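Heads up, the sequence shown is in the numbering used here, so the first residue is 174 and it goes up one at a time.
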Amino acid sequence: MIAFLIVLIILGLILEYISLNSSFGNIHFEFQSDERTTEPDAAFYMIEKVSNTSWIPVTFLKTKILFPHGSAGQKKRTVQMNSFERQSTQRYFLLGHRRITRKVPLTLSERGLYWFEDAEMERGDFLGLRSSFTHCWGYSSIAVLPRRLKDSRSVDTLSGIIGDFLSKPYLMRDPILSIGVREYTGNEPMKTISWKKSAQRGSLMVREFDYTRERSCCLVVLGSVQADEDGMELCARIGRTAGEMLMEKGVQLQFFTNAYLQACRPFEIYESEASRFASGMFLDQLARIRPGSVAAESKLLETIRDHSRSGSECIVITPCARGEADAFMQRLRTVSGSDCTVIYADDFREELR
Numbered sequence: 174m175i176a177f178l179i180v181l182i183i184l185g186l187i188l189e190y191i192s193l194n195s196s197f198g199n200i201h202f203e204f205q206s207d208e209r210t211t212e213p214d215a216a217f218y219m220i221e222k223v224s225n226t227s228w229i230p231v232t233f234l235k236t237k238i239l240f241p242h243g244s245a246g247q248k249k250r251t252v253q254m255n256s257f258e259r260q261s262t263q264r265y266f267l268l269g270h271r272r273i274t275r276k277v278p279l280t281l282s283e284r285g286l287y288w289f290e291d292a293e294m295e296r297g298d299f300l301g302l303r304s305s306f307t308h309c310w311g312y313s314s315i316a317v318l319p320r321r322l323k324d325s326r327s328v329d330t331l332s333g334i335i336g337d338f339l340s341k342p343y344l345m346r347d348p349i350l351s352i353g354v355r356e357y358t359g360n361e362p363m364k365t366i367s368w369k370k371s372a373q374r375g376s377l378m379v380r381e382f383d384y385t386r387e388r389s390c391c392l393v394v395l396g397s398v399q400a401d402e403d404g405m406e407l408c409a410r411i412g413r414t415a416g417e418m419l420m421e422k423g424v425q426l427q428f429f430t431n432a433y434l435q436a437c438r439p440f441e442i443y444e445s446e447a448s449r450f451a452s453g454m455f456l457d458q459l460a461r462i463r464p465g466s467v468a469a470e471s472k473l474l475e476t477i478r479d480h481s482r483s484g485s486e487c488i489v490i491t492p493c494a495r496g497e498a499d500a501f502m503q504r505l506r507t508v509s510g511s512d513c514t515v516i517y518a519d520d521f522r523e524e525l526r
């Protein structure tokens, strides 16, 4: 019996010596969210994978993921993670050549892009007498989508605007079905000019299009350098609610914005297309909209002119004060050659109370 105890003590001392001299090289820690987007306050999961590639067991291992923060210099945002205030902590016992996967439920309440990229591991020795630490770096992000409008007056106001849009005649010119050309009068959009026919006839000629019943709409968020956090939050909520109302009625949506998007290059125009069956990029862009630098309005107008479908009407959402977007709207009507509607975010301030 004494000999057996001596053998156990020697074996324990050997394992203690090995564990004291072991680094984190044989321990691998990975983490990423199971979703790319999530609704506010809805649970999603952080997938943690810890593996031990050596034969020596790890009796104590603690992982700690620091709470996420907005990218591109944004301030840290409030996050609720299980019962933890500002971090997600897990403890493991790992046998040799074992791998453990855990799903940790998390929630985020504020719209925006969040990053999970900073983590920490603490490893104890075989006898639990000493601990060592190391930092881990990951690259996982999740976008929290804007909330839908919930105030009854706000919803009624927006429903009236969308209803007026949908009640208009919906026979639209199809830019693919060209049926001929005619002389340019100065009122047609520049993109309808047929340069080949103009060269042949010696004067500007524009294409005539056939008509189709497919309805399309350009939804535009017009950013402003004076916009505050509440203004852009309202633009995102109005944009989502209006977009979903339109898509539910079968309208093909094109989205344009000159606002700053998190983790994207500033002073650029961003666009996407959406329908009832594919709206992921549109919603992701609304989640990223922040106050700050904006691209020039002239650049936004050029993008709409070149990329919008012929005959598409425009709905513009802006945090600008009433009347400040009048000049832009006039230029937009000239560029698009169709009716345009403006929605001022200030009219929906009740939504934030």
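All C-beta atoms in this analysis are idealised placements derived from N, C-alpha and C, irrespective of residue type, glycine included. Here the structure is a predicted model, which means the values were calculated and not measured.
- Looking at 219, 504, 235 and 377, the one whose alpha-carbon comes closest to that of residue 308 is 235.
- Excluding sequence positions up to five before and after residue 199, its CB lies within less than 7 Å of the CB of 225, 226 and 227, all in the same chain and listed in chain order.
- Take residue 403, set aside five residues on each side of it, and the residues of its chain with a beta-carbon closer than 7 Å to its own are 525, in chain order.
- Ranking 468, 400 and 449 by CA distance to the CA of residue 495 puts 400 first.
- With a threshold of 16 other beta carbon atoms within 10 Å, residue 312 falls short and is exposed.
- Residue 204 holds the alpha-carbon nearest to the alpha-carbon of residue 293 among 328, 426, 407 and 204.
- Per DSSP, the unbroken beta strand (DSSP E) holding residue 389 starts and ends at 389 to 394.
- Cβ neighbours of residue 513 within its own chain (closer than 6 Å, five residues either side excluded): 487, 502, 505 and 506.
- In the displayed model, residue 408 falls within a helix according to three-state DSSP.
- Remark: C-beta atoms of residue 410 and residue 521 approach each other more closely than 9 Å.
- In this structure, residue 451 sits away from residue 394, with a CB-CB distance that is not shorter than 9 Å.
- Per DSSP, the beta bridge partners of residue 225 are 200 and 271.
- Residue 396 and residue 475 have their alpha carbons spaced roughly 16 Å apart.
- Under the three-state reduction of DSSP output, residue 354 falls in the strand class.
- Under the three-pair Cβ rule at 8 Å, the segment 370 to 379 does not count as touching the segment 460 to 467.
- Check the Cα spacing between residue 523 and each of 327, 315 and 278: the tightest is with 327.
- In this chain, the alpha helix (DSSP H) harbouring residue 338 covers 325 to 339.
- A straight line joining the alpha-carbon of residue 471 with that of residue 310 spans about 41 Å.
- For the pair of segments examined, the segment 438 to 457 was found not to touch the segment 264 to 281: the number of CB pairs separated by less than 8 Å stays below three.
- Pairing residue 296 with residue 197 gives a Cβ-Cβ distance under 9 Å.
- Distance from residue 407 to residue 492 at the Cβ level is roughly 7 Å; contact confirmed, criterion being Cβ atoms closer than 8 Å.
- Assigned with DSSP and collapsed to three states, residue 470 falls in helix.
- With respect to the 9 Å criterion, residue 321 and residue 417 are classified as neighbours on the basis of their beta carbons.
- When the beta-carbon positions are compared, residue 223 and residue 201 come within less than 9 Å of each other.
- Residue 423 and residue 449 have their C-alpha atoms spaced approximately 7 Å apart.
- Across the structure, residue 379 and residue 357 are spaced so that their CA atoms are roughly 6 Å apart.
- Residue burial is scored here from C-beta neighbours: residue 398 has fewer than 16 other C-beta atoms within 10 angstroms and is therefore classed as exposed.
- Going by beta carbons, residue 276 and residue 220 fall inside the 9 Å limit.
- In the structure shown, the three-state DSSP call for residue 506 is helix.
- Only buried fits residue 429, as 16 or more other CB atoms lie within 10 angstroms of its CB.
- Closest in C-alpha terms to residue 340, from the list 419, 278 and 323, comes 419.
- Short of 7 Å from the beta carbon of residue 324, and not among the five residues preceding or following it, lie these beta carbons of its own chain, in chain order: 523 and 524.
- The alpha carbon of residue 438 has as its nearest neighbour, out of 413, 414, 468 and 237, the alpha carbon of 468.
- Inside the segment 411 to 477, DSSP marks whole alpha helix (DSSP H) runs of 4 or more residues at positions 453 to 461, from first to last along the chain.
- In terms of CA proximity to residue 473, 508 leads the group 368, 447 and 508.
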